[in-house]
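K.L.:
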Amino acid sequence: MSQQKLNGKVAIVTGGGSGIGRGAALRLAEHGAKVCVLDRERERANMVKEEIARLGGEAMAVEADVSESESVRMAISKAADRWERIDIVFANAGINGTWTTIEDLSEEDWDRTMNINLKGTFLTLKYAIPFLKKQGGSVIITSSVNGNRIFSNIGASAYSTSKAGQVAFMQMAALELAEYRIRVNAICPGAIKTNIGQNTNRTPEAEEAAIPVEYPEGSSPLEHHAGSPEQVADLVLFLASQQSSLITGTKVFIDGAESLLI
Ligand code: NAD
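In our numbering, each residue carries its 1-based index in the sequence shown increased by 961.
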């Protein structure tokens, strides 16, 4: 824990127990932030908390479901109670949901994707804003190339709609919160190697009906393979830090130009 760019700052990372969230939690802690690792899987959140502790950083693990109002409110309050401030919010928890035709997509699957990806983002901001307002801060929302540049993944109607909705929400939040010096941006990753496929917890029936969600290898012109959570973490760190002090209301693609080819 040598570099202290975020010394004294407190960060909430939703979906911090795995993949992109884990990578960002480690990177923010490495740069001095105290990190609340929020995840619906207690064990995963704990593991990341311990990883941060082993590296000499400070973290807490909170089990919470971002789609459930009381759960996310309590989780954010716990972090604010312990560290008396919140400066950075990485609203990142998300699922792929079920990828299938609109005709075959169940209402339950549509709602589950919207509730976690879109409503979860709203709830995370809703309960963090009172703390962010006190001194200003930075919010980063994990959207996707899906729903923003890529529209060719037939079957991803719920996922893409939720990810496009996050960008509209981000723009509204950036306008609304600018007067409090709260910046709000979205990141749009392309294919990143994580466990999102397994972690989505599809039902066996949905699994059977679903169109495969894997991105093809070699799709990024820059690197010819999927990106890593660590590469995304560098972008999150930049958007969280004062180095991006004039950047708000923006979506940043991080996909090695993969989406320009599709
Ligand atoms: P991941 O499954 O590795 O990590 C997501 C974490 O979020 C998991 O630990 C999971 O338990 C947690 N989570 C899921 N639902 C939750 C809920 N309701 N409440 C709290 N925690 C919850 O996946 P990832 O790839 O790191 O995904 C993170 C974000 O990145 C998602 O929003 C996803 O849509 C987005 N994304 C991923 C990719 C990719 O290729 N991996 C590309 C574009 C966007």
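Every residue gets a Cβ at the ideal spot worked out from N, C-alpha and C, and that includes glycine. Since this is a predicted model, take the numbers as computed values, not measurements.
1. Does DSSP put residue 1014 in a helix, a strand or coil?
2. By DSSP, does residue 967 sit in helix, in strand, or in coil?
3. Can you determine whether any heavy atom of the ligand NAD sits closer than 7 Å to the C-beta of residue 1189, and answer yes or no?
4. Does residue 1131 pass the burial test, meaning 16 or more other C-beta atoms within 10 Å, or should it be called exposed?
5. Would the beta-carbon of residue 1104 fall within 8 Å of that of residue 1147?
6. For a test of your reading of the model: does the CB of residue 1155 fall under 7 Å from any non-hydrogen atom of the ligand NAD? Yes or no.
7. Please report the Cβ distance between residue 997 and residue 973, rounded to the nearest whole angstrom; I am assuming they are in contact, meaning their Cβ atoms lie under 8 Å.
8. Answer with buried or exposed for residue 1165, where buried requires no fewer than 16 other C-beta atoms within 10 angstroms of its C-beta.
9. Could you name each continuous beta strand (DSSP E) segment of 3 residues or more that falls completely within the stretch 1059-1110, going from the start of the chain to the end?
10. Over the uninterrupted alpha helix (DSSP H) stretch that includes residue 1147, give me the two end residues.
11. Cutting at 7 Å between CB atoms, please list the residues of its own chain near residue 1074, excluding the five before and the five after it.
12. Under 8 Å: do the stretch 970-988 and the stretch 1005-1022 share three or more Cβ pairs, one atom per stretch?
13. So does residue 1026 have its beta carbon nearer than 7 Å to some heavy atom of the ligand NAD?
14. Using the rule of at least 16 other Cβ atoms within 10 Å of the residue's Cβ for burial, across every protein chain shown, is residue 1181 buried or exposed?
15. Just how far apart, CA to CA, sit residue 1021 and residue 1040?
16. For residue 1208 and residue 1144, I'd like the C-alpha separation in whole angstroms.
17. Could you give the distance in angstroms between the alpha-carbon of residue 1167 and the alpha-carbon of residue 968?
18. If you check the beta carbons only, do residue 1076 and residue 1028 fall under 8 Å apart?
19. Hey, residue 1092 and residue 1049: beta-carbon distance below 8 Å or not?
20. From the DSSP secondary-structure annotation, give me the bridge partner or partners of residue 995.
21. In terms of residues, what are the limits of the beta strand (DSSP E) holding residue 1024?
22. Is residue 1099 closer than 8 Å to residue 1200 when the C-beta atoms are compared?
23. I'd like to know whether the C-beta of residue 1103 is nearer than 8 Å to at least one C-beta of chain C.
24. Comparing alpha-carbon positions, which option in 971, 965, 1220 lies nearest residue 1095?
P.N.:
In short:
1. helix
2. coil
3. no
4. buried
5. yes
6. yes
7. 5 Å
8. Only weak support is given to the placement of residue 1165: the predicted model assigns it a pLDDT of 47, under 50, and the question is left unresolved by the model.
9. 1098-1103
10. Run containing residue 1147: none in the alpha helix (DSSP H); it sits in the beta strand (DSSP E), 1143-1150.
11. 1056, 1058, 1119, 1120, 1123
12. yes
13. yes
14. buried
15. 8 Å
16. 7 Å
17. Any answer about residue 1167 is weak, because its pLDDT of 47 lies below 50 and its placement is not dependable; what the coordinates show is given next. Rounded to the nearest angstrom, the two C-alpha atoms are 45 Å apart.
18. yes
19. no
20. 971
21. 1020-1024
22. yes
23. Among the chains in the structure shown there is no chain C, since it carries only a single protein chain.
24. 971
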